[in-house]
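Numbering (UniProt numbering), first residue to last: 1 to 1150. Here a beta-carbon is modelled for each residue, glycine too, at the ideal position from N, C-alpha and C. Only one structure is covered here, and it is reproduced in the block below.
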C-alpha cells in the first residue's frame, strides 16, 4: 500500500512538472501599446542583449534588463516592442527552453508595473493579483485600513505610521509578497517596471532583484532615466543595460517620413531640427500631417526648405501654426494678451472670426474653470516664443540666414517667409477693441458675471495697450480704440484701488479724446474720463482732492452741454462725486448743495433707487462732517430704509459706489466682500454709528457697529474699521479694557492686510490703538502708534485736513501724559492749523481748543486757558445744543469752571460748575464713569480754591460742605480704582484729599495722602510732581517740619524752572511759600527776616512778569466775562498782596 502511495505521489510531481514546462495558456497580459512605434537600431541591440542575458544557467533565476536614457528618447516604445515580441514572435533562447516559439513555451505572465509612486505600484500589483486568482488579497490591499486592522502586526504598524503614504507601502508590501509567491509557480514570467527611480526610493523593494533564485524563471524589464540604477556585479551577473538615446539620422528621417507621409529626402533634411529625438520627430510629423490634411496640399522639398540651426523645433512648429487657418487670429490674439493671467474662453471665441476648435485650442493653451467661468492660459515660454516670432525678428534677403518659405493656397502663388509674419497695429487694435468692449459692457450692465469678466480682462487689456511701446508694430493705431482702451484701464484700476495707474491711463485717454478729429461724437466719453480722473485724484489715498475738484467740474460742464441742460442720472453721478470732494477739502456746505442737486435728479426714478440710497448716505456723511449730527442721522436712516427695499446690486456696483462716495473703508486687493446689499448696509451702519457716537448715543452706536460687524464678517479690512470704531465708543463709555482689546484686534487685522503700507485703514487702526494705549497708561507705545498714524495721514491727506487735526489732538494727549507739554501744545496748534479750511464752528476745532486750554493752564497761561475753554464750549453747544445731556458739553462746561477758579473768578466757576452738576445724567452707568469721578474731584478743587481767600461766615455750612467734599473724593477714588486703575487720576484725587485735610486741620492725614499720591504718580509727570510737592510742603509745615518743607519747595522750584523756565507763575508761588515759611519759623531772627524779604522781592518780580503776561493774554480774548478781568483777582497776585501786608506788620499767618 505504501508503495502504491509513493508511486502516486511521484506521478503527481511529474504531472506538475509537465504543466510547469508546458503551460496551456497565458495567464495574465498587460503590455503597452505600440502606437507610433518605429523599428530602430537600438531595438536590435535590445534583442541581442536579451538573448545574451537569457543564456544557459540563468533559466532558474531572475534576469534584469534596464533600458535607460533621457526623457522623450523612446525607452517606453522600445520596452513595448520587446514585450510585444516576447508575446507574439518566435525567439530561441534558454529563457524559452531552447525550443521554437509556440503557444506552450511563451511566458505565462507579461505584466506592466507603473512605478511612478507607491499608489500606482499598488494598483498595478492589485490588478495582476486579480488576473492570477488572488482576488481576495487584491481586495484587501485596496482597502488599506481594513488590511492594517486585520492583524496585531498591522494594527501596531498603523499606530506608528507618520504619514499616509506609509500605509500604501504597508499594503504594497503584502500584495507584492502574495503575487511573487504565485508567480514562481506559473513558469516563466515577465514584468515591465515603467519609471523606475534611484535605489534611495523605498519603491526598489517592490521589484525582484537580479539573480533571485526563489522566484523562478523571470525577466524584469525596467525603463528609467537613471543610468546608475542597479550595478552589475561580475560577468555572470544576470543584469544588463541598454542606453536608449537619440535616433541615428537615418532612423530619424525614416521615422519622420513614415508618420508625416512626406518623402524620405524631405524628411531627411528636417530631421536635424528635431535633433533626432523621437518625441520631437513625432511632434513635427503630426504637425506636417495635420497641415497637409487641412490644406489638401502635398509638401515637397521645393516648397519646404530646411530650417536653420538657430530655429528650435517648438518655434518652427509655432510658425507653421501661425499660417494655418484661423489659428493665425487665435495666436495673434493670445500674443497680445498676458501669459500670467486667466483669459475667459468666451472672450477669446468672440475675438476671432470663425469657429474655435477645442482640439486645436488645447495645443496652445490650458483650459480650466475659475469662478464658474471657462478660462484659458498660455504657458509663459510659448507666449514669449510667440511674441518673438510676431515681433518681426526676420532676416533680410541679403543676409546669410536662410528663410523658410511655405507656398500656401491662400497666398495666390506668392511665397511667404514664415518668420516674417508679424503683429500689426491693426491686429493689436482689434484685440484692444474686443477687450475694451467687454469692460464697457461690464461697467454698464453691473452684473456679477460682468464684474468677474472685468477682473479677468483688465490685465490682458493692460498688456495689449503696452504693446504699442514694447513692440515695433507696422501701421498706425486707431486713436479712438486706444482712447477707449486707456479709459477702460483707468476705470478698472480705480475700481481695484490702483489710483496712480488709473490717473496715468485716464490722462492718456483724455488727451486722445481731446485731439480726436473723427466723425463720432465723443463728448460724453470725454466727460466720463474727466469724471473718473477726478475720482482718481480725490477719493483714494495719496491723492489731491483739489485737482479732483477741477476735473469733476470739467466733467459736469461737458455733461451739461451734452444733455443740453436736462437733468440726467449721469449728471447726478458727477454732482454726488463733487459733493464728496467738497467734503474732503472741508467745504461741507457746498458739498451738501451738490449732493442735494443729485438727490433731486434721482428722486422718483425707479431704476435708480439704489443710487438714490447711495446719495442719501453721502448726504448724511456731509452733515456729519459739518457737525450737524441730527440731520446726518436722519439721512443715514433713510438710506438704510432704501437699501432694505431694493434688490441686491452686483459686486461691481458695490465697488463703484465705494470709490465714488469716497468712504473711509478701504478697498481690498483680494475681493472677498459680499455680493448683495449686505455690504452697503454695513457701510451705512458704520457711518450711522459714528454719528450716534458724536451725539453721545453710545449704546445705539454700539448696536449699529455690532450689526455692521455681522454684515462684514470676521477678519477682513472692513471688520478692522468697525472694531476700531468700537474701540472709540467703549473708550467713551469708560470701558478702557474692552477699548484696548478692540483696538488691538483691529491693528492685527490691518497689519495682516497691509503690513507697513501707507493706507487709510492702517492709519485709523493705529490712531485708535494709540489713544487706547494712552488710556491704559502705555504712553510710549501710544505715542509711537499715534506718530506713525499721523505720518500716514499727512502722506494721504496733506497737513490741512480734519483727519490730520484729529490725529494731532490724540497725539497731544499722549505727549501730555509723557509730560512733554510744549510738544503737546505744538501738536494742538498744528491741529488748529489743519482746520483752517473748515468751519470755525467745526466740532474738531472745539476738541483742539479744549485740549489746548488744558495745556495753557499747565503752562500758566490762565487767561488764555479760560478763553479757549469757553470758545470750545460755545462750539459744543452750537453743535449739540445747550444741554448737559451731551458729554462734550458737560466736559466743556467743567473745563471752563476749572479755568475760572484758577483765575480767581470763583462766582463764574461756581455758576458753570453747578450747571454741569445739576444737569448731570442720573444713570448708574454714567455715575460709575471716570468722567463722573473727575467731576467730583474738580468740584472739590474749585471749592478749595475759593475757600483760600473767601472763607464763608456760616461755619456749620462750611463743615457740611467739607464733609460732602470728603465723601465726593472717596467716591471718586473708588470709581477710578475699578474696574481699571487710573493711576494719574487717583493721584490727583489724593492730592485734593490732602488739601481738604489741611483745610480741616488734619495735617497728618494730609501728609499721608500726598505721599501716597506721589508714590502712585506715573513716570513722565514731572510738572504734576512739582505741583504735588507744593502741597506736601504745606503739610510738612503744618507738622512743623520746616526743613522738609523747604526741601520740597526747592525741589518743586527746580522742576518748574527746568521744565517751563523762570517765568512760569508757579515759580512765584514757590517763592511766596518760601517767604511765608521763614516768617513762620524764623521771624524773630534778623536772618529769618532778611531771607523772608529776599524771597518776597523775588516773588514780587515774578508777579510783575505775571501781570505782563496776563496783559498780553487779555489783549486777544474773545470771551465776554474775561474782557473786564482785573489782575487783582488772580490768586497768585492776591497771595502777594497778603504777604506784603504780613511783612509790613510782621504778624499773623498766611
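At a cut of 8 Å, does the stretch 1121-1139 reach the stretch 875-888 through at least three beta carbon pairs? Of all C-beta pairs linking the stretch 1121-1139 to the stretch 875-888, fewer than three are shorter than 8 Å, placing the two stretches out of contact.
For residue 428 versus residue 464, is the C-beta distance shorter than 9 Å? Residue 464 sits close to residue 428, with the two beta carbons spaced by under 9 Å.
Distance check for residue 921 and residue 965, CA to CA, integer angstroms please. Using only the alpha carbons, I get a separation of about 20 Å.
Helix, strand or coil, according to DSSP, for residue 1104 in the structure here? Look at residue 1104 here: in three-state DSSP terms it is helix.
Looking at the unbroken alpha helix (DSSP H) that takes in residue 240, where does it start and where does it end? No alpha helix (DSSP H) holds residue 240; the beta strand (DSSP E) holding it covers 239-243.
Take residue 740 as the anchor and find which of 772, 526 and 982 has the nearest alpha-carbon. Restricting attention to 772, 526 and 982, the CA atom closest to the CA of residue 740 is found in 772.
Mapping DSSP to helix, strand and coil, what is residue 1124? Residue 1124 falls in the coil class under three-state DSSP.
Among residues of its own chain, excluding the 5 on either side of residue 618, which ones have a beta-carbon nearer than 7 Å to its beta-carbon? Spatial neighbours of residue 618 in its own chain (CB-CB distance under 7 Å, excluding positions within 5 residues in sequence) are listed in chain order as 576, 579, 580, 595 and 661.
Would you tell me roughly how many angstroms separate the C-alpha atoms of residue 60 and residue 318, rounded to the nearest one? In this structure, the CA atom of residue 60 is about 54 Å from the CA atom of residue 318.
Buried versus exposed, by CB contacts within 10 Å (16 or more), residue 162: Here residue 162 scores only 40 on pLDDT, less than 50, and its place in the model should not be relied on; the value that follows carries that caveat. For residue 162, the number of other beta carbons within 10 angstroms of its own is below 16, and it is reported as exposed.
Quick one: what's got a C-beta closer than 6 Å to residue 738's C-beta in the same chain, skipping five residues either side? The answer, listed in chain order, is 730.
Validate contact between the stretch 167-183 and the stretch 66-76 using beta carbons, cut 8 Å, 3 pairs: The answer is no - the stretch 66-76 does not touch the stretch 167-183, with fewer than three Cβ pairs under 8 Å.
Assuming the contact rule is C-beta atoms closer than 8 Å, residue 746 and residue 724 should be a hit. Round their C-beta distance to whole Å, please. That pair is a contact at about 4 Å.
Determine, using beta carbons only, whether residue 118 and residue 172 come nearer to each other than 9 Å. Remark: C-beta atoms of residue 118 and residue 172 approach each other more closely than 9 Å.
Taking just the CA atoms, how far does residue 190 sit from residue 3? The alpha-carbon atoms of residue 3 and residue 190 are separated by roughly 40 Å.
Measuring straight from C-alpha to C-alpha, what distance separates residue 1102 and residue 971? So the two alpha carbons sit approximately 38 Å from each other.
Is residue 576 close to the ligand ADP? I mean its beta-carbon at under 8 Å from any heavy atom of the ligand. As far as ligands go, the structure on display features none, and thus does not contain the ligand ADP.
State buried or exposed for residue 1115, treating a residue as buried only when at least 16 other CB atoms are found within 10 Å of its CB. Result: exposed.
Specify the secondary structure class of residue 396 as computed by DSSP and reduced to three states. Unreliable positioning characterises residue 396 in this predicted model, as indicated by a pLDDT of 35, which lies under 50. The coordinate reading is nonetheless provided below. Coil, per DSSP.
Using only the alpha-carbon positions, how far apart do residue 489 and residue 564 sit? Looking at the two C-alpha atoms, the distance is approximately 29 Å.
Just the Cα atoms here: how many angstroms apart are residue 810 and residue 743? Rounded to the nearest angstrom, the two C-alpha atoms are 14 Å apart.
Alpha carbons only, please: which of 785, 433 and 832 is nearest the one belonging to residue 806? Relative to the Cα of residue 806, the nearest Cα in the group 785, 433 and 832 belongs to 832.
State buried or exposed for residue 111, treating a residue as buried only when at least 16 other CB atoms are found within 10 Å of its CB. Buried.
Going by C-alpha to C-alpha distance, which of 1075, 705 and 901 sits closest to residue 865? Cα-wise, what sits closest to residue 865 is 901.
DSSP puts residue 373 in a beta bridge; with which residues? Paired residue(s): 370.
Is the stretch 850-868 close to the stretch 1063-1072, with three or more CB pairs under 8 Å? Touching, yes, given that three or more Cβ pairs across the two stretches are closer than 8 Å.
Only counting the same chain, and skipping five residues up and downstream in sequence, which positions put a Cβ closer than 7 Å to that of residue 719? For residue 719, same chain residues with a beta-carbon under 7 Å away, outside a window of 5 residues either side, are 709, 712, 713 and 749 in chain order.
8 Å CB neighbourhood of residue 524 in its chain, flanking five on each side removed: If we look at residue 524 and ignore the five residues flanking it on each side, its Cβ neighbours are 558, 559, 562 and 570.
Taking the continuous beta strand (DSSP E) assigned at residue 191, which residues delimit it? First-last of the beta strand (DSSP E) with residue 191: 189-194.
How many Å lie between residue 1088 and residue 1079 at the Cα? Straight-line measurement puts the Cα of residue 1079 at about 7 Å from the Cα of residue 1088.
Contact check, residue 898 vs residue 850, beta carbons under 9 Å: Against a cut-off of 9 Å, the Cβ pair of residue 850 and residue 898 comes out as no contact.
Assign residue 839 to one of three DSSP states: helix, strand, or coil. DSSP places residue 839 outside both helix and strand once states are collapsed to three, so it counts as coil.
Would you kindly report the start and end of the unbroken alpha helix (DSSP H) that includes residue 218? It is not in any alpha helix (DSSP H) - residue 218 instead sits in the beta strand (DSSP E) that spans 218-224.
Could you check how far apart the C-beta atoms of residue 620 and residue 635 are, in whole angstroms? I think they sit under 8 Å. Right, their Cβ atoms sit about 4 Å apart.
Proximity winner among 1031, 1021, 686 and 492, relative to residue 1069 (alpha-carbon distances): Ranking the options by Cα distance to residue 1069, first place goes to 1031.
Exposure of residue 380, with buried meaning 16 or more beta-carbon neighbours within 10 Å: By the Cβ neighbour-count rule, residue 380 is exposed, with fewer than 16 other Cβ atoms within 10 Å of its own.
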